[in-house]
Amino acid sequence: EVVSVDYRLAPEHLHPAGFDDAISAFEWAATTYKRPILLCGDSAGGNLAAAVSHATRGHARRPIGQALIYPGLGGDRSQGSYVTHAEAPMLTVRDLDFYMNTRTGGEDRTGDLTLSPLADADFANLPPTVLITAQCDPLSSDGEAYRDRLVAEEGHAYWFEEPGLVHGYLRGRHTVGRARSSFTRIVDAVSALGRGEWIW
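Numbering follows my numbering, in which position 64 of the sequence shown is assigned residue number 89; successive positions increment by one, without gaps.
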């Protein structure tokens, strides 16, 4: 069963409205279904999935895994893909500034774990995580950094950077071979995590 969360969007609803909706959806799923809960999201949805994982790791029904697809996780913007792919097609660093401003209403939310999961000082007890990012995307290094933080805490994490693809490439999965192959990888990852298997 899949629960797709129609969370409130900015600018009409500023942060943390979307996060609050995601937490409410998690709580609803935890009380409605007996099956294990796996979180999955792409782009801003990946950000929310990670934030929910951090917020619910002490929950009796905490997630058994998460699949994060080209998520923004609040990484170090002075290095990595933020620099090498600052002007990437489909998403630039300027776009990221615009979206963050839109989401927060211009308020400085530095260190807010519900917005920037990489700001968390504690990566212990997080669920097994698969991160899939796009090479030509300023956010790609967030996947690598998140993987490294989880592994440093002896967690299970796998990061794969899709070569030659851009942010949002899943929209082209019916016409672009590499995007289709990535979609298959993502489906396989979600299936394995949902079965409680770690195959990486």
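Here a beta-carbon is modelled for each residue, glycine too, at the ideal position from N, C-alpha and C.
Values in this document were obtained by computation on a predicted structure and should not be read as measured data.
{"Check": "Sort 108, 86, 134 by Cα distance to residue 162 and report the nearest one.", "Outcome": "108"}
{"Check": "Ends of the beta strand (DSSP E) at residue 2?", "Outcome": "The structure shown does not extend to residue 2, since the chain spans only 26 to 225, so no value can be given for it."}
{"Check": "When DSSP labels each residue in this structure, what does residue 18 get in the three-state scheme?", "Outcome": "No statement about residue 18 is possible, as the shown extent of the chain runs from 26 to 225 and does not include it."}
{"Check": "Check whether the region 163–177 touches the region 132–139, taking contact to mean three or more Cβ pairs, one atom from each stretch, closer than 8 Å.", "Outcome": "no"}
{"Check": "Assign residue 113 to one of two classes, buried (16 or more other C-beta atoms within 10 Å of its C-beta) or exposed (fewer than that).", "Outcome": "buried"}
{"Check": "Between residue 98 and residue 74, is the Cβ-Cβ spacing less than 8 Å?", "Outcome": "no"}
{"Check": "Within 10 Å of its beta-carbon, does residue 104 have 16 or more other beta-carbons around it, so buried, or fewer, so exposed?", "Outcome": "exposed"}
{"Check": "Pick helix, strand or coil for residue 31, following the three-state DSSP scheme.", "Outcome": "coil"}
{"Check": "What alpha helix (DSSP H) runs, 4 residues minimum, are completely inside the region 110–146?", "Outcome": "118–129"}
{"Check": "With respect to the alpha helix (DSSP H) encompassing residue 167, which residues constitute its N-terminal and C-terminal limits?", "Outcome": "165–177"}
{"Check": "Mind checking residue 123: buried by the 16 CB within 10 Å criterion, or exposed?", "Outcome": "exposed"}
{"Check": "Quick check on the burial criterion: 16 or more other C-beta atoms within 10 angstroms. Buried or exposed for residue 222?", "Outcome": "exposed"}
{"Check": "By DSSP, does residue 219 sit in helix, in strand, or in coil?", "Outcome": "helix"}
{"Check": "Would you call the CB atoms of residue 63 and residue 100 closer than 8 Å?", "Outcome": "no"}
{"Check": "Could you tell me which residues DSSP pairs with residue 104 in its beta bridges?", "Outcome": "Per DSSP, none; premise fails for residue 104."}
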